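Participant: Going down the list, the sequences are from chains W and D.
Counting in this note's numbering, the first sequence runs from 142 upward without gaps.
Counting in this note's numbering, the second sequence runs from -12 upward without gaps.
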Amino acid sequence: MSRTHPAAAAVFLRDSERAAWHDEALWFVRQKRDTATALPEWEALRDAGAALKAHAMGRLAELLETFETHATAAGVVVHWARDAAEHNAVVLDILRSAGATRVAKSKSMLTEECGLNPVLEASGIEVVDTDLGERIVQLAHEPPSHIVLPAIHWKKEEIGALFHRTMGTPAGESSPEALAAAARDHLRDALLHADAAITGANALVAETGGVVVCTNEGNADLGMHSAPLHIVCVGIEKIIATLDDLAVLLRILARSATGQPITAYTTHVAAPRPGARMHVVLVDNGRSARLADPEMRSALHCIRCGACLNSCPIYRRSGGHSYGYVIPGPIGAILAPAVDLKAHHDLAFASTLCGSCGDVCPVRIDIPAQLLAWRGRAAAAGALPAGYAALIRRFGAILADRRRFDRAGRWARQALRLIPSALLTGRWNPWTRASRTLPVVPRESFREWARREGRLK
Amino acid sequence: MRVALAVPCYVDLLRPQVARATLLLLERLGCEVSLEFAAPCCGQPMHNAGDFDAARAAASNWAASAQRFDVVVMPSGSCTHHVRHHLPGLVAGATATHAAQVTFELCEFLAGPLGSAKLAGRFPHRVAMHLGCHAQRGLRLGGSSELHQPPSGPMHALLGGLEGLTLVPLDRPDECCGFGGSFAIGEPDLSVAMGRDRLTDYTAHRAEVLVSSDPSCLLHLEAIASRSAPTLRTMHIAELLEEATR
């Protein structure tokens, strides 16, 4: 994962047929989103989504405490974790005290962010990811490549081979129905015999103390309703004020994510089942620092729908793993630099700033503006390669000065015309390396022409 | 109407014919065009590359040049977007605000201040239209699929008004071509893959001509097309309109 985005993208694109398939698969989801969001009130819903999130972030501490009060009153144990390590320690402690050794986990990007699975496994606790896509990447020992469709980069034939190896499905079986049925058997066993269920949450409702979990497979519900212990691992930015806000959130979430009007299962958990225990772990892990950063704050509004990934021409053609961060795509590219600017500076540049991500975002996060701002911060912090920074500085000095520009321009056109193109098209030249030709160079610039015509002194 | 023609740095250097076509077209439509706009660059290349100080130097120079004029026309959506949306953030004071207010992308100017939403002309070809992303989603000079809008806007209307011209339907009418300034150099493989996909969309719909209001997108697409779609003619909107209205 230490490879930079351009290098990882080049590897992904080497198999051009696969890259085209990946692009089409995600474009299909984007088109489903287009259809599902073609509502007269869509832009008003985006306004409402942005407003309810901005409101919640503006009252973050207060709403979290209100949530805690209501949840505690309902018998839920609420924990606060400052960072990933604290989160993992809290979860491990809860599981150990309960003597739990088998955990059924439903989809949670937060636990991916915190690296929970390896910590639990190292302590002898078996974790089964019960979302089908998550299970596929878990069996393959990979991170998810998408926040909603974790195994979107896997073809059904490859999943067939993986299931044959790990679940004993017949060799060569690759029909989606048969594979899904096999996975259902395999996962149901894990779900019914788990000592504990871990889920994420799509929203925490402050006024009720309720936790809302959305899935299409019902795996979160099977887990939390069968196991004697339910742990909700959630980032603090998932708090919203009211059930009215939730009504808006649920309308924009599934439409943006998969093009469905609503997820197949939308579960409200307000209290532990009789005889069972329920814990909620509220995780900061950098979020309050983000809140204190007005320029970048709105990234906390993200509802993890994945629409910006599906819409991004770069994500579609480079795959989620090329980002080298737990959350890929445009939203990941503005979240990752806050975690480690030096390590992830390349992600701010993994964009043409085409603006598609900002226009599909259901809560109107201005992702392109933040990508650009991160570029500035990366440069100012000296996180960019020194040669690159020096080159841009030199270009800047030329482009800010008419006389220097005219002189350099004459020289450059001359050079492009006189130097044999073979010398200009080596591996070192990123313009031509990926099979672009050199531009045809005119004899005179526009200003030289204008001067010759007497139009310019 | 008196206007200044601001020629983007790379157009002056590599595509003077785009600036000449813009000049001819504007004069044909009765504009008095000044070529005295001095600053070579609005600062966008440095801004997008992260060097905001270098961008500021070029941008403040650009804003100072615009000070002398009431209307500045640019044959580039991307540069116009930078001037309008980023100059006031980079350069403090009234000069940048003035520059942002008086600068227009060519089609926007023709359809707006000049009031020539349609030009009488003839261009009997199958044409694929590529609106650069900054014109599209930055300046909102075209309908965006993300916002459920059909292709529209001043460039679309100008092309639609020409006799004999067929605008070919595209599978992805507003997908980025992959130029993206420093992106074209920093992510060359992705940049070319994206450009190739756009060209495939044009040729699959039997376009004879590719037209864009952004010379930068064209430079990139031409460099790929010269090998993969050699029969596709690429033109800037100024060149096409100039030729169609001769």
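Note that beta-carbon positions come from the ideal geometry of N, C-alpha and C, so glycine has one too.
Being a predicted model, the structure only gives us computed values, none of them experimental.
Could you check how far apart the C-beta atoms of G129/D and S65/D are, in whole angstroms? I think they sit under 8 Å.
Facilitator: Here residue 129/D is taken as the residue at index 142 of the second sequence, counted from 1. Here residue 65/D is taken as the residue at index 78 of the second sequence, counted from 1. In fact, because the Cβ distance is near 13 Å, the residues do not count as touching under 8 Å.
Participant: Please report the distance separating the alpha-carbon of K105/D from that of L565/W.
Facilitator: Looking up residue 105/D in the second sequence gives position 118. Looking up residue 565/W in the first sequence gives position 424. Distance between the alpha carbons of K105/D and L565/W: 43 Å.
Participant: Mapping the DSSP letters down to three states, classify Y466/W as helix, strand or coil.
Facilitator: For the purposes of this step, residue 466/W is taken as residue 325 along the first sequence, with counting starting at 1. It is coil, neither helix nor strand.
Participant: What residues in the region 133 to 146 of chain D have a beta carbon less than 7 Å from any beta carbon of chain W?
Facilitator: E133, L134, H135
Participant: Taking only the alpha-carbon atoms, compute the straight-line gap between M142/W and H34/D and give it to the nearest angstrom.
Facilitator: Along the first sequence, read from residue 1 onward, the residue named residue 142/W stands at position 1. Along the second sequence, read from residue 1 onward, the residue named residue 34/D stands at position 47. Note that M142/W scores 41 on pLDDT, short of 50, meaning its location in the model is unreliable; the coordinates nonetheless yield the value given after this. About 28 Å.
Participant: On a Cα-Cα basis, can you pick out the residue from P580/W, R518/W, K598/W, V582/W that is closest to D38/D?
Facilitator: To locate residue 38/D, count along the second sequence from 1; it is residue 51. Of the listed residues, the one whose Cα sits closest to D38/D is R518/W.
Participant: Between the region 482 to 496 of chain W and chain D, which residues of the former have CB atoms less than 8 Å from a CB of the latter, in chain order?
Facilitator: A489, F490, A491, S492, T493, L494, C495, G496
Participant: Quick test of the definition: if touching needs 3 or more C-beta pairs under 8 Å, does the region 287 to 298 of chain W touch the region 345 to 353 of chain W?
Facilitator: no
Participant: I want to verify the contact list: residues of chain W whose CB lies under 9 Å from the CB of I224/D, in sequence order.
Facilitator: The count along the second sequence starts at 1 and reaches residue 224/D at position 237. In chain order: nothing, as chain W lies at least about 17 Å away.
Participant: Express the C-alpha separation of A263/W and Q172/W in angstroms, rounding to a whole number.
Facilitator: Indexing the first sequence from 1 puts residue 172/W at position 31. Indexing the first sequence from 1 puts residue 263/W at position 122. The straight-line gap from Cα to Cα measures roughly 42 Å.
Participant: Taking C-beta to C-beta, are V59/D and A(-9)/D nearer than 7 Å?
Facilitator: Taking the first residue of the second sequence as 1, we reach residue 59/D at position 72. Taking the first residue of the second sequence as 1, we reach residue -9/D at position 4. Yes, Cβ-Cβ distance for V59/D and A(-9)/D is below 7 Å.
Participant: Measure the C-alpha to C-alpha separation of E358/W and A225/W and round it to an integer number of angstroms.
Facilitator: Residue numbering aside, residue 358/W sits at position 217 when the first sequence is read from its first letter. Residue numbering aside, residue 225/W sits at position 84 when the first sequence is read from its first letter. Cα to Cα, E358/W sits roughly 27 Å from A225/W.
Participant: At the level of alpha carbons, what is the spacing between Y189/D and M116/D?
Facilitator: The residue given as residue 189/D occupies position 202 in the second sequence. The residue given as residue 116/D occupies position 129 in the second sequence. Taking the straight line from one Cα to the other gives about 9 Å.
Participant: So which residues of chain W does E174/D contact, with C-beta pairs closer than 8 Å?
Facilitator: Counted from its first residue, the second sequence places residue 174/D at position 187. Correct list: H146, P147, A150, I455, F490, A491.
Participant: Which stretch, first to last residue, makes up the beta strand (DSSP E) that contains I235/W?
Facilitator: The residue you call residue 235/W lines up with position 94 of the first sequence. Looking at the DSSP string, I235/W is not in any beta strand (DSSP E); the run it does join, the alpha helix (DSSP H), is 225 to 238.
Participant: Of the residues A214/W, L205/W, G265/W, which one's Cα is nearest the Cα of L233/W?
Facilitator: Counting from one through the first sequence, the residue named residue 233/W turns up at place 92. Looking at the Cα atoms, G265/W is the closest of the given residues.
Participant: Using a C-beta to C-beta distance shorter than 7 Å, which residues of chain W count as neighbours of E162/D?
Facilitator: Working through the second sequence from its first residue, we reach residue 162/D at position 175. Here the neighbours are P454.
Participant: Can you check DSSP and say which residues form a bridge with E254/W?
Facilitator: Taking the first residue of the first sequence as 1, we reach residue 254/W at position 113. E254/W pairs with nothing; no bridge assigned.
Participant: At a CB-CB cut-off below 7 Å, which residues of chain D make contact with I533/W?
Facilitator: Residue mapping note: residue 533/W aligns to position 392 of the first sequence, counting from 1. In chain order: M33, A36, D38, A41.
Participant: So A553/W contacts chain D; which residues on that side make the cut at Cβ distance below 8 Å?
Facilitator: Residue mapping note: residue 553/W aligns to position 412 of the first sequence, counting from 1. Neighbours of A553/W on chain D, chain order: L0.
Participant: Would you list the one or two residues that DSSP bridges to L345/W?
Facilitator: Locating residue 345/W in the first sequence gives position 204, counting from the first residue. Partner(s): V352/W, I380/W.
Participant: Can you tell me where the beta strand (DSSP E) with F91/D in it begins and where it stops?
Facilitator: Position 104 of the second sequence, counted from the start, is the residue given in the question as residue 91/D. Here the beta strand (DSSP E) through F91/D covers 90 to 92.
Participant: State the Cα-Cα distance for the pair Y(-3)/D and P583/W, rounded to the nearest angstrom.
Facilitator: Counting from 1 along the second sequence, the entry for residue -3/D is found at position 10. Counting from 1 along the first sequence, the entry for residue 583/W is found at position 442. A direct Cα-Cα distance of roughly 12 Å separates Y(-3)/D from P583/W.
Participant: Can you give me the C-alpha to C-alpha distance between A45/D and L540/W, rounded to a whole angstrom?
Facilitator: Taking the first residue of the second sequence as position 1, residue 45/D is located at position 58. Taking the first residue of the first sequence as position 1, residue 540/W is located at position 399. In a straight line, the C-alpha of A45/D is about 6 Å away from that of L540/W.
Participant: Am I right that L387/W and I381/W are in contact with their C-beta atoms under 8 Å? What's the rounded C-beta distance?
Facilitator: The sequence position of residue 387/W within the first sequence is 246, counting from 1. The sequence position of residue 381/W within the first sequence is 240, counting from 1. About 6 Å separates the two Cβ atoms, so the contact holds.
Participant: With a threshold of 6 Å on Cβ separation, who are the neighbours of T307/W within its own chain once the five nearest residues in sequence on each side are excluded?
Facilitator: The residue you call residue 307/W lines up with position 166 of the first sequence. Excluding sequence neighbours, T307/W sits near L280.
Participant: From the DSSP output, in three-state form, read off T408/W for me.
Facilitator: Translated into the one-based positions of the first sequence, residue 408/W becomes position 267. Looking at T408/W - three-state DSSP - the assignment turns out to be strand.
Participant: Excluding the 5 residues flanking G240/W on each side, which residues of the same chain have their C-beta closer than 6 Å to its C-beta?
Facilitator: Here residue 240/W refers to the residue found at position 99 of the first sequence. There are no such residues.
Participant: Beta-carbon separation of E378/W and L328/W under 7 Å?
Facilitator: Within the first sequence, numbered from 1, the residue matching residue 378/W stands at position 237. Within the first sequence, numbered from 1, the residue matching residue 328/W stands at position 187. Not closer than 7 Å, so no.
Participant: By how many angstroms is the C-alpha of E314/W removed from the C-alpha of R159/W?
Facilitator: Taking the first residue of the first sequence as 1, we reach residue 159/W at position 18. Taking the first residue of the first sequence as 1, we reach residue 314/W at position 173. Their backbone Cα atoms lie some 21 Å apart in a straight line.
Participant: Between T566/W and chain D, is any beta-carbon pair separated by less than 7 Å?
Facilitator: Here residue 566/W refers to the residue found at position 425 of the first sequence. No - not a single Cβ of chain D is within 7 Å of the one on T566/W.
Participant: Any C-beta of chain D sitting closer than 7 Å to the C-beta of M142/W?
Facilitator: Translated into the one-based positions of the first sequence, residue 142/W becomes position 1. Residue confidence for M142/W is low, a pLDDT of 41 falling below 50, so the modelled location carries little weight; the figure read from the coordinates is stated next. Answer no: the Cβ-Cβ gap between M142/W and chain D never drops below 7 Å.
Participant: Once you ignore the five residues that flank A222/W on each side, which residues in its own chain have a CB closer than 6 Å to its CB?
Facilitator: One-based indexing of the first sequence puts residue 222/W at position 81. The answer, listed in chain order, is H228, V231, V422, V424.
Participant: Can you list the alpha helix (DSSP H) stretches of 4 or more residues lying completely in the region 268 to 307 of chain W, in chain order?
Facilitator: 273 to 280
Participant: As an exercise, report each continuous alpha helix (DSSP H) stretch of at least 4 residues that is fully enclosed by the region 56 to 89 of chain D, in chain order.
Facilitator: 64 to 68, 74 to 77, 81 to 89
Participant: Measuring alpha carbon to alpha carbon, tell me which residue in E195/D, P138/D, S103/D, A225/D is nearest A212/D.
Facilitator: Looking up residue 212/D in the second sequence gives position 225. Per the Cα distances, E195/D.
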